[in-house]
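S.K.:
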Amino acid sequence: RKEVEQDPGPFNVPEGATVAFNCTYSNSASQSFFWYRQDCRKEPKLLMSVYSSGNEDGRFTAQLNRASQYISLLIRDSKLSDSATYLCVVTSDSNYQLIWGAGTKLIIKP
Amino acid sequence: DTAVSQTPKYLVTQMGNDKSIKCEQNLGHDTMYWYKQDSKKFLKIMFSYNNKELIINETVPNRFSPKSPDKAHLNLHINSLELGDSAVYFCATGSGSGADTQYFGPGTRLTVL
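Set out below in structure tokens:
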């Protein structure tokens, strides 16, 4: 089983729609969780951290379910500029290293 | 002003050659990383340096040798390049805990022919 699993997509979504991505992780000792965004042929950039209580940043909402070892990202009112690959990231046992999912590709269509 | 820079951006070379990739950061971070992203898009950590000391050394062939001359620089030297080394190599920096944000360089796209 992969340490961090994501549906690779692509998700083809019309502009303005709501889209949700899921991610599962295998290490119950992981302490920190993130969503990064990677545009085509660019470097990953932090989108948001994920907190136990859930957190929101504008149109983006992240949720964490520690019992099920499951992280989600919800994007509301999607824009063309949201087209990218979204990478689910968790920390390792030592909380020192990041373990990366392979990413979910999102394509927003006009 | 670029926070994390890498050179070169593209590198095309023959099997068996030796090549280096350079990384520089101006964020004042203590920790620098090298990642490899292959064609399947998995991002895998290769090395991590904290204040010029090697702290993470994943299972990477010893043909890969990182060097950190100072806190702001982390270079990667690769000997005897193989076809399977073709990938995008990203340098990243952070404050030292994996729990903190990591900032990535633009990547070096290595193609071994």
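These protein sequence lines are chains A and B, in that order. Taken in order, the first sequence gives residues 3 to 112; the numbers are from our numbering. Taken in order, the second sequence gives residues -18 to 94; the numbers are from our numbering. We put the beta carbon where it would ideally sit given N, CA and C, even for glycine.
By Cβ distance below 6 Å, which residues in the same chain neighbour A/Thr20 in space, the five residues on each side in sequence not counted?
M.R.: So the qualifying residues of the chain are Arg78.
S.K.: Assign B/Glu5 to one of two classes, buried (16 or more other C-beta atoms within 10 Å of its C-beta) or exposed (fewer than that).
M.R.: The residue in question, B/Glu5, is buried, as its Cβ has 16 or more Cβ neighbours within 10 Å.
S.K.: How about A/Cys90 and A/Cys25: do their beta carbons lie closer than 8 Å?
M.R.: Their beta carbons are under 8 Å apart, which means A/Cys90 touches A/Cys25 by this criterion.
S.K.: Under the assumption that A/Leu66 contacts A/Phe23 (Cβ atoms under 8 Å), give the Cβ distance between them as a whole number of angstroms.
M.R.: Incorrect: roughly 13 Å between the Cβ atoms, too far for contact.
S.K.: Are the C-beta of B/Gly86 and some C-beta of chain A separated by less than 8 Å?
M.R.: Taking Cβ atoms only, chain A reaches closer than 8 Å to B/Gly86, which makes this a yes.
S.K.: Taking all protein chains shown into account, do 16 or more other C-beta atoms lie within 10 angstroms of the C-beta of A/Val92, making it buried, or fewer, making it exposed?
M.R.: A/Val92 should be labelled buried.
S.K.: Check the Cβ-Cβ distances between B/Ile37 and every residue of chain A, and say whether any is below 8 Å.
M.R.: Yes - at least one Cβ of chain A is within 8 Å of the one on B/Ile37.
S.K.: Which chain A residues are close to B/Lys48, counting only those with a beta carbon under 9 Å from its beta carbon?
M.R.: Ordered by position in chain A, no residue passes the 9 Å Cβ test against B/Lys48, which lies about 21 Å from the chain.
S.K.: Taking the beta carbon of B/Gly9 as the centre, do at least 16 other beta carbons fall within 10 Å, making it buried, or is it exposed?
M.R.: Exposed is the call here.
S.K.: Going by DSSP, name the residue or residues bridged to B/Glu5.
M.R.: DSSP, once it has assigned bridges, lists B/Ser(-14), B/His54 as partnering B/Glu5.
S.K.: Taking the alpha-carbon of B/Glu63 as reference, which of B/Ser(-14), B/Asn(-2), B/Ser49 has the nearest alpha-carbon?
M.R.: Selected option, being the one with the closest Cα: B/Asn(-2).
S.K.: So, B/Pro47 versus B/Trp15, is the Cβ gap smaller than 8 Å?
M.R.: Yes, Cβ-Cβ distance for B/Pro47 and B/Trp15 is below 8 Å.
S.K.: Which bits of chain C does A/Gly105 rub up against, with CB to CB less than 8 Å?
M.R.: Absent from the structure is chain C; the protein chains it does hold are A and B.
S.K.: Any beta carbon of chain A sitting closer than 8 Å to that of B/Ser71?
M.R.: According to the sequence provided, residue 71 of chain B is Phe. The question's Ser does not apply to it. Closer than 8 Å to some Cβ of chain A, the Cβ of B/Phe71 qualifies, so yes.
S.K.: Distance check for B/Tyr30 and A/Glu5, CA to CA, integer angstroms please.
M.R.: So the alpha carbons of these two residues sit roughly 23 Å apart.
S.K.: Which partner residues of B/Gly75 appear in the DSSP bridge assignment?
M.R.: For B/Gly75, which the question treats as bridged, DSSP gives the partners B/Thr12.
S.K.: Alpha carbons only, please: which of B/His54, B/Gly65, B/Lys22, B/Pro50 is nearest the one belonging to B/Gly75?
M.R.: Answer by Cα proximity: B/His54.
S.K.: Would you verify that the beta carbon of A/Pro46 is, or is not, closer than 8 Å to some beta carbon of chain B?
M.R.: It does; some Cβ of chain B falls within 8 Å.
S.K.: Taking all protein chains shown into account, decide if B/Gly65 is buried (16 or more other Cβ within 10 angstroms of its Cβ) or exposed.
M.R.: Classification for B/Gly65: exposed.
S.K.: Going by DSSP in three states, A/Asp59 sits in which element: helix, strand or coil?
M.R.: A/Asp59 falls in the strand class under three-state DSSP.
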